[in-house]
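First comes the structure, then the notes that go with it.
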Amino acid sequence: VTFFEVNETDDNGLVGKKIHAHKMPAHFRDEGGASLHPSGNKFVAGGSDLWVRVFDFESGEQLECHRGHHGPIRCLRYAPGGKTYASGSEDGTIRLWKTDP
């Protein structure tokens with residue numbers, strides 16, 4: 043998972059600067075998604091193994107792990123307040139999860 047800071051555009055579109063990258067298990071590489079917590083101190087990621095994981099942004103350490111989907115996870119997004127996040131899966135479901143602040 044790679045995070046970029048995007049704050050300008052040029053003639054070709056957006057210009058971003060890589061700010062952080064974490065090696066994820068192989069099942070995240072070609073599919074899945076990630077979302078940065080509004081505080082910037084953690085992120086959530088999911089993929090084809092059906093697990094939703096929360097990681098520390100700086101160290102990449104896994105903080106939480108949840109399972110509830112029956113198909114690969116394709117999208118994740120934190121709520122603006124950061125107390126919950128949503129995950130969407132190929133199984134046709136969207137799940138809402140509570141997270142530690």
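Positions 43 to 143 (the numbering used here) are the ones given, in order, by the sequence shown. Just so it is clear, CB atoms sit at the ideal spot from N, CA and C, and this is done for glycine as well. Only a predicted model underlies this, so the values are computations on that prediction, with no experimental measurement involved.
Can you name the residues that DSSP bridges to residue i?
{"i": "Ser77", "result": "Val86"}
{"i": "Ala63", "result": "Thr44"}
{"i": "Lys140", "result": "Thr126"}
{"i": "Thr51", "result": "Leu56"}
{"i": "Ser131", "result": "Ile115"}
{"i": "Glu103", "result": "Glu103 is not bridged to any residue."}
{"i": "Asp98", "result": "Lys84"}
Report yes if the CB atom of residue i is closer than 8 Å to the CB atom of residue j, and no otherwise.
{"i": "Gly124", "j": "Ser81", "result": "yes"}
{"i": "Trp93", "j": "His108", "result": "yes"}
{"i": "Gly102", "j": "Ser129", "result": "no"}
{"i": "Met30", "j": "Val43", "result": "Because the chain spans 43 through 143 in this model, residue 30 falls outside it and cannot be assessed."}
{"i": "Glu73", "j": "Pro122", "result": "no"}
{"i": "Glu47", "j": "Gly55", "result": "no"}
Measure the C-alpha to C-alpha separation of residue i and residue j and round it to an integer number of angstroms.
{"i": "Asn49", "j": "Leu78", "result": "16 Å"}
{"i": "Lys60", "j": "Gly134", "result": "32 Å"}
{"i": "Val86", "j": "Asp52", "result": "30 Å"}
{"i": "Phe45", "j": "Asn83", "result": "12 Å"}
{"i": "Arg119", "j": "Arg137", "result": "11 Å"}
{"i": "Trp139", "j": "Tyr127", "result": "5 Å"}
Report back the beta-carbon spacing between residue i and residue j to the nearest angstrom; my notes put them in contact at under 8 Å.
{"i": "Arg116", "j": "Glu100", "result": "Not a contact, Cβ separation roughly 26 Å."}
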